[in-house]
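Only one structure is covered here, and it is reproduced in the block below.
Protein chains in written order, with full-length UniProt numbering: chain A, 1 to 231; chain B, 1 to 231.
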């Protein structure tokens, strides 16, 4: 078991990964500065949708690998948040509405026609990670949610200011994450500090969070590159 | 796509697998005839608990492999049924209470000390099947629930008649399955008939259900054998 000091250092090291979070990516900075065209925002939303629609499968893979009922009982809420419990509900639906607010159809998001290879590889790597790595590492990889509320708050302000042509209800997903992400991050942090007791396990958790930062960063690389060609 | 006649034949072939269901196993017949000792019932319950506690992970593996939100929204209820949403809830908890009613402690069920190798292999094979086979086949493998309500009704009558020393609340799991199993089987049958359109997919679904019958049957083989040695 880790001492209290070791746990504090571990949490600090996890939080320090924020320096690798995708809010610092040039494409993301351009987005929040109001410098993206409608077409670039569409490319971003359509590609990011591939990430969104795979989240429930990633989280179900964690459930499938987790032997603790009390962890599963809370983790399952993430799946419900994304899928909803009925038509018209859930984060995936909210993202489809964001796409519509940006001028995309549900069909062109749903059939993944705009998804570029780099995004597909990154998202698939994330799902495979959750399937194949120890469940505690997969939980740790979700800890980018520690950094998400700040990003979401900044994004909401930026979108309302710079892209007033986007209908406000289209931004509902970002708003929902302002409360969901802290709740999810708190639980994930509890789990990781409780179940990663050895130095090797803590190193594994840090590497998992670093990997996840790479997933998000490389998605923006691929999206930015595809837009640069005017595709 | 299958014709209506082909679908009817497919459903009939699935239902016909009932001839391979574990209610016909000699150990199961002996149980319902009141011929088992307290010790044999304990062995059965402790081993069967290994199956119960793995069900949420099996169902989460199906969620992880299923690309359809509307299927996931219903399938996730199975996980909630087994795990519950809070301490003291759910099918796994109900099975622990059954074990207590039979004279087992939670500790000896929870640490799997009574689980015999044949049961472990069979249950692990079932979870691996759900992880690695097409999600539609994993859904088809759950269709033993078509046969479960009859078994549960018969078991309830038999236990109340032959084993009156078991506290009635200990039988709550069996009672809950009288309503859950038909609901679950109906959904699984809808999914399998909707998504197994080709002859190869229907053959895969039939093989999956046959495999699942083997899982349940071989568990009873192993439990019976372990009891025969007086272990």
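Positions of the beta carbon are idealized from the N, C-alpha and C atoms, including for glycine.
Query raised in the report: Which class does residue 142 of chain B belong to by DSSP, given the choice of helix, strand or coil?
Result: helix
Requested in this report: Could you tell me which chain A residues have their CB closer than 9 Å to the CB of residue 64 of chain B, listed as they occur along the chain?
Outcome: 56, 57, 58, 59, 60, 61, 62, 63, 64, 127, 130 and 131
Query - Neighbour-count burial assignment, residue 56 of chain A, 16 or more Cβ in a 10 Å radius - result: buried
Query raised in the report: When the distance is taken between beta carbons, is residue 135 of chain A closer than 9 Å to residue 213 of chain A?
Result: no
Requested in this report: In angstroms with no decimal places, state the Cα-to-Cα distance between residue 146 of chain B and residue 159 of chain B.
Outcome: 21 Å
Requested in this report: Could you check which residue in A/108, A/144 and A/131 has the C-alpha nearest to that of residue 211 of chain A?
Outcome: A/144
**Report entry** Whole-number beta carbon distance between residue 127 of chain A and residue 54 of chain A, since they are thought to touch under 8 Å
**Finding:** 5 Å
Requested in this report: Go to residue 211 of chain B, then tell me how far its alpha helix (DSSP H) extends in each direction, as first and last residue.
Outcome: 199 to 228
Query - Residues near residue 187 of chain A by beta carbon distance below 7 Å, same chain, minus five either side - result: 74
Query raised in the report: Assuming residue 215 of chain B and residue 138 of chain B make a contact with CB atoms under 8 Å, what is their CB distance in whole Å?
Result: Residue 215 of chain B to residue 138 of chain B, Cβ: 12 Å. No contact.
**Report entry** Rounded separation between residue 225 of chain A and residue 218 of chain A - CA only
**Finding:** 10 Å
Report task. Measure the alpha-carbon distance for residue 96 of chain A versus residue 109 of chain A and round it to whole angstroms. Result -> 7 Å
Query raised in the report: Quick check: the segment 197 to 212 of chain B against the segment 103 to 120 of chain B, are there 3 or more CB pairs under 8 Å?
Result: no
Query raised in the report: Within this structure, are the beta carbons of residue 33 of chain B and residue 162 of chain B separated by less than 9 Å?
Result: yes
Report task. Within its chain, find whatever has a CB closer than 8 Å to the CB of residue 209 of chain A; leave out the 5 residues flanking it on each side and keep chain order. Result -> 14, 17, 140, 141, 143 and 144
**Report entry** Amino acids of chain B, ordered along the chain, whose beta-carbon sits closer than 9 Å to that of residue 84 of chain A
**Finding:** 69 and 73
Query raised in the report: Do three or more CB pairs link the segment 80 to 100 of chain B to the segment 163 to 178 of chain B at distances below 8 Å?
Result: yes
Query raised in the report: Looking at residue 228 of chain A and the ligand GDP, is the gap between the Cβ and the nearest heavy atom below 8 Å?
Result: Within the structure as shown, the ligand GDP is missing, as the structure has no ligands at all.
Requested in this report: Could you tell me whether any Cβ in chain B is nearer than 9 Å to the Cβ of residue 99 of chain A?
Outcome: no
Query raised in the report: Using a Cβ-Cβ distance under 9 Å, would residue 231 of chain B count as near chain A?
Result: Because residue 231 of chain B carries a pLDDT of 49, less than 50, the predicted location of this residue cannot be relied on, and no value is offered for it.
Query raised in the report: What's the C-alpha gap between residue 231 of chain B and residue 36 of chain B?
Result: Model confidence at residue 231 of chain B stands at a pLDDT of 49, short of 50, so the residue's coordinates are unreliable and nothing is read from them.
Query raised in the report: With a cut-off of 9 Å, does the C-beta of residue 80 of chain A fall near any C-beta of chain B?
Result: yes
Report task. Counting only the same chain and skipping the five closest in sequence on each side, list residues whose C-beta sits under 7 Å from that of residue 92 of chain A. Result -> 52, 53, 82 and 83
**Report entry** Cβ-based neighbour list, residue 72 of chain A, same chain, cut-off 8 Å, excluding 5 preceding and 5 following
**Finding:** 63 and 66
Query - Interface partners of residue 92 of chain A on chain B, CB under 8 Å - result: 69
Query - Contact set for residue 2 of chain B: own chain, Cβ-Cβ below 6 Å, skip 5 residues either direction - result: 197
Query - Alpha carbon of residue 220 of chain B to alpha carbon of residue 49 of chain B, nearest angstrom - result: 13 Å
Requested in this report: Please go through the same chain and pick out, in chain order, the residues whose beta-carbon is closer than 7 Å to the beta-carbon of residue 76 of chain B, but skip the five residues on each side of it.
Outcome: 63
Requested in this report: Over the uninterrupted alpha helix (DSSP H) stretch that includes residue 56 of chain A, give me the two end residues.
Outcome: 38 to 65
Requested in this report: Could you tell me how far apart the beta carbons of residue 61 of chain B and residue 130 of chain B are, in whole angstroms, since I believe they sit closer than 8 Å?
Outcome: 4 Å
Query raised in the report: Can you list the residues of chain B that residue 76 of chain A reaches, using a CB-CB cut of under 8 Å?
Result: 76, 79, 80 and 83
Requested in this report: Look at the alpha carbon of residue 113 of chain A and the alpha carbon of residue 29 of chain B, and state the distance between them as a whole number of angstroms.
Outcome: 56 Å
Query raised in the report: Do we get a CB-CB distance below 9 Å when we pair residue 87 of chain B with the residues of chain A?
Result: yes
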